[in-house]
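Chains as they are written, first to last, in my numbering: chain A, -3 to 169; chain B, 233 to 545.
Okay, here's the thing in structure tokens:
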């Protein structure tokens, strides 16, 4: 996924869309918007980022899961199998992005990239509702996909790459 | 100036404003695991050395409490699980990459060994005990014959268990305070020290206490060196680890850490034990209890402080 920080206006539509689409319990969220302000008035710059699970290539959460509930689905999406999860919290401790939470029903929950929509050929809910179209979702292994083209032509960064997790969400700057 | 805030108002329980997903159960679990590892290690080693009679409390009496300690520790771990009815999934998978996974398996092996070991000494310590069934007597006789052989895996697994209590934390790259290899040996030494302290408290034999006291002093000195190494490593590390070290070197954990862990938990009991070895009359349970409290507080502080430290981006 690529997210254009220069187009994002921080409306939080992606957050609401996710909560509705995935029945996220009240008080929890699988994605969130961060505003980073640099400088002092009048020389200020703002970066808005819609953040969520980075579906890392080298996921510490998958590595430390004692039961294999956290796993890579075909295509690289990181998922939690609810009835294998014992709720030990190891994956929550392991995530440098704090992208996971303990669902009130006991298991650990997080962004799934709306895999149920992706399987039908649709975009994740957050991407499809974005009013500024700042989010792009696609297959990084397909050299002709839109996302590969975007990443070829734009400058981008990922979050805390020094954590060694190889995050798969790229922020266009 | 740099300011960061959640526009979408994120406030997830136990995640924001900082992580608090592991509560009081985990430090107790780590403490009991280390204590059990310490006792079983000494019991195994002194059996291998053939000192069962000289070190009778170490080999016979102290291991009596270990099965209860381990089972209570596992119960603590169980209490911390949020999806409790699925706990058996731990034992349907073997995942060597996951410290939580192989730790659960080590405990699965360690608990029965400790039960067998304690059971084989029950009749020696409680002569009126009756096993009721004949096959239990046959099994007891077999265990007694093979004690020297069982002592080897017991001592080795005890070391693995002690290291595991530290590795469980150090495997988390995302928490800079935990992410250091020295946590394994540090928790092992600390666990052995608490094990030695428990043995000292349970022993009535002056000679045995003296030997365990000497061992405990040595362990405390090693532990102090490891703690210095821990902070030296952090201060020479990346920014997130310098911040982590500063929680203990001036930050909010400084007072409890230096008061309860370093002074009352390590230096003071070591001094008392040295005085006692040199003939001063010191009630032996004072340094022993201080070591136990120090070990427990140390684990509480490490678990809580570790969850506060994180990567910044």
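Just so it is clear, CB atoms sit at the ideal spot from N, CA and C, and this is done for glycine as well.
Within 7 Å, strictly: CB atoms of residue i and residue j
{"i": "residue 136 of chain A", "j": "residue 152 of chain A", "result": "no"}
{"i": "residue 95 of chain A", "j": "residue 106 of chain A", "result": "yes"}
{"i": "residue 497 of chain B", "j": "residue 465 of chain B", "result": "no"}
{"i": "residue 273 of chain B", "j": "residue 428 of chain B", "result": "no"}
{"i": "residue 250 of chain B", "j": "residue 155 of chain A", "result": "no"}
{"i": "residue 298 of chain B", "j": "residue 336 of chain B", "result": "no"}
{"i": "residue 524 of chain B", "j": "residue 412 of chain B", "result": "no"}
{"i": "residue 353 of chain B", "j": "residue 292 of chain B", "result": "yes"}
{"i": "residue 130 of chain A", "j": "residue 27 of chain A", "result": "no"}
{"i": "residue 507 of chain B", "j": "residue 514 of chain B", "result": "yes"}
{"i": "residue 394 of chain B", "j": "residue 241 of chain B", "result": "no"}
{"i": "residue 186 of chain B", "j": "residue 270 of chain B", "result": "The question about residue 186 of chain B has no answer, for chain B in this structure spans 233 to 545."}
{"i": "residue 55 of chain A", "j": "residue 74 of chain A", "result": "yes"}
Contact belief for residue i with residue j at Cβ below 8 Å, rounded distance in angstroms
{"i": "residue 323 of chain B", "j": "residue 340 of chain B", "result": "7 Å"}
{"i": "residue 301 of chain B", "j": "residue 387 of chain B", "result": "Their Cβ separation, rounded to whole angstroms, is 17 Å, which puts residue 301 of chain B and residue 387 of chain B out of contact at 8 Å."}
{"i": "residue 72 of chain A", "j": "residue 53 of chain A", "result": "7 Å"}
{"i": "residue 493 of chain B", "j": "residue 530 of chain B", "result": "5 Å"}
{"i": "residue 132 of chain A", "j": "residue -2 of chain A", "result": "5 Å"}
{"i": "residue 111 of chain A", "j": "residue 69 of chain A", "result": "6 Å"}
{"i": "residue 477 of chain B", "j": "residue 463 of chain B", "result": "5 Å"}
Selected residue, minimal CA-CA separation from residue i, among the options
{"i": "residue 406 of chain B", "options": "A:166, A:159, A:73, A:165", "result": "A:159"}
{"i": "residue 538 of chain B", "options": "B:238, B:242, B:255", "result": "B:255"}
{"i": "residue 470 of chain B", "options": "B:541, B:287, B:535", "result": "B:541"}
{"i": "residue 162 of chain A", "options": "A:110, A:51, A:150", "result": "A:51"}
{"i": "residue 45 of chain A", "options": "A:90, A:2, A:101, A:109", "result": "A:2"}
{"i": "residue 487 of chain B", "options": "B:533, B:291, B:475", "result": "B:533"}
{"i": "residue 449 of chain B", "options": "B:248, B:371, B:369, B:520", "result": "B:520"}
{"i": "residue 261 of chain B", "options": "B:372, B:358, B:281, B:397", "result": "B:397"}
{"i": "residue 399 of chain B", "options": "B:512, B:331, B:264, B:248", "result": "B:331"}
{"i": "residue 102 of chain A", "options": "A:57, A:78, A:59, A:58", "result": "A:78"}
{"i": "residue 489 of chain B", "options": "B:304, B:510, B:460, B:401", "result": "B:460"}
{"i": "residue 444 of chain B", "options": "B:536, B:509, B:266, B:362", "result": "B:509"}
{"i": "residue 253 of chain B", "options": "A:88, A:41, A:39", "result": "A:88"}
{"i": "residue 257 of chain B", "options": "B:307, B:511, B:243, B:349", "result": "B:307"}
{"i": "residue 18 of chain A", "options": "A:57, A:59, A:42, A:120", "result": "A:120"}
Neighbour list for residue i in chain B, Cβ cutoff strictly below 7 Å
{"i": "residue 63 of chain A", "result": "321, 322, 325"}
{"i": "residue 156 of chain A", "result": "543, 545"}
{"i": "residue 68 of chain A", "result": "Result: empty, since nearest Cβ-Cβ is about 13 Å, beyond 7 Å."}
{"i": "residue 82 of chain A", "result": "313, 315, 318, 319, 321, 322"}
Chain E within 7 Å of residue i, Cβ atoms only
{"i": "residue 88 of chain A", "result": "The structure shown contains no chain E; the protein chains it does contain are A and B."}
Within chain B, partners of residue i - CB distance below 8 Å
{"i": "residue 29 of chain A", "result": "238, 239, 240"}
{"i": "residue 160 of chain A", "result": "405"}
{"i": "residue 92 of chain A", "result": "405, 406, 542, 543"}
Proximal chain A residues relative to residue i, where beta-carbon distance stays under 7 Å
{"i": "residue 424 of chain B", "result": "Within 7 Å Cβ-Cβ: nothing; residue 424 of chain B doesn't reach chain A, min ~25 Å."}
{"i": "residue 403 of chain B", "result": "60"}
{"i": "residue 438 of chain B", "result": "The contacting residues do not exist; residue 438 of chain B stays about 45 Å from chain A at best."}
{"i": "residue 333 of chain B", "result": "62"}
Chain-ordered chain B contacts of residue i [CB-CB under 9 Å]
{"i": "residue 8 of chain A", "result": "239, 240, 241"}
{"i": "residue 103 of chain A", "result": "314, 315, 318"}
Check: residue i C-beta below 6 Å from any heavy atom of the ligand COA
{"i": "residue 337 of chain B", "result": "Ligands in the displayed structure: none, and consequently the ligand COA is not present."}
Listed by chain order, chain A residues near residue i by CB distance under 8 Å
{"i": "residue 306 of chain B", "result": "None at all; the shortest Cβ gap to chain A is about 13 Å."}
{"i": "residue 253 of chain B", "result": "85, 88, 89, 98"}
| Does the stretch 78 to 93 of chain A touch the stretch 304 to 318 of chain B, meaning 3 or more C-beta pairs lie closer than 8 Å? | Contact between the stretch 304 to 318 of chain B and the stretch 78 to 93 of chain A is present, because at least three Cβ pairs lie under 8 Å.
| said: For the pair the stretch 372 to 385 of chain B and the stretch 425 to 441 of chain B, tell me if three or more CB-CB distances fall below 8 Å. | reply: No: the two stretches stay apart, fewer than three of their Cβ pairs being nearer than 8 Å.
| Touching by the beta-carbon criterion (3+ pairs, under 8 Å), the stretch 274 to 294 of chain B and the stretch 402 to 418 of chain B | Verdict: no, contact absent.
| How about the stretch 125 to 132 of chain A and the stretch 5 to 18 of chain A: do they share at least three Cβ pairs that are nearer than 8 Å? | With a cut-off of 8 Å, the stretch 5 to 18 of chain A and the stretch 125 to 132 of chain A count as touching, because enough Cβ pairs lie within range.
| Stretch pair the stretch 321 to 335 of chain B + the stretch 55 to 66 of chain A: three plus CB contacts closer than 8 Å | A contact is defined here as three or more CB-CB pairs under 8 Å, and the stretch 321 to 335 of chain B meets this definition with respect to the stretch 55 to 66 of chain A.
| For the 8 Å Cβ check, are there 3 or more pairs between the stretch 88 to 103 of chain A and the stretch 390 to 407 of chain B? | The stretch 88 to 103 of chain A, when compared against the stretch 390 to 407 of chain B, does touch it at the 8 Å Cβ threshold.
| request: Please determine if the stretch 496 to 512 of chain B and the stretch 439 to 454 of chain B are in contact, where contact requires at least 3 C-beta pairs separated by less than 8 Å. | output: When Cβ pairs closer than 8 Å are counted between the two stretches, the stretch 496 to 512 of chain B is seen to touch the stretch 439 to 454 of chain B, the count reaching three or more.
| query | Is it true that the stretch 20 to 38 of chain A meets the stretch 234 to 245 of chain B, where meeting means three or more beta-carbon pairs spaced less than 8 Å apart? | reply | Two segments are said to touch when three or more pairs of C-beta atoms, one from each, lie closer than 8 Å; by this definition the stretch 20 to 38 of chain A touches the stretch 234 to 245 of chain B.
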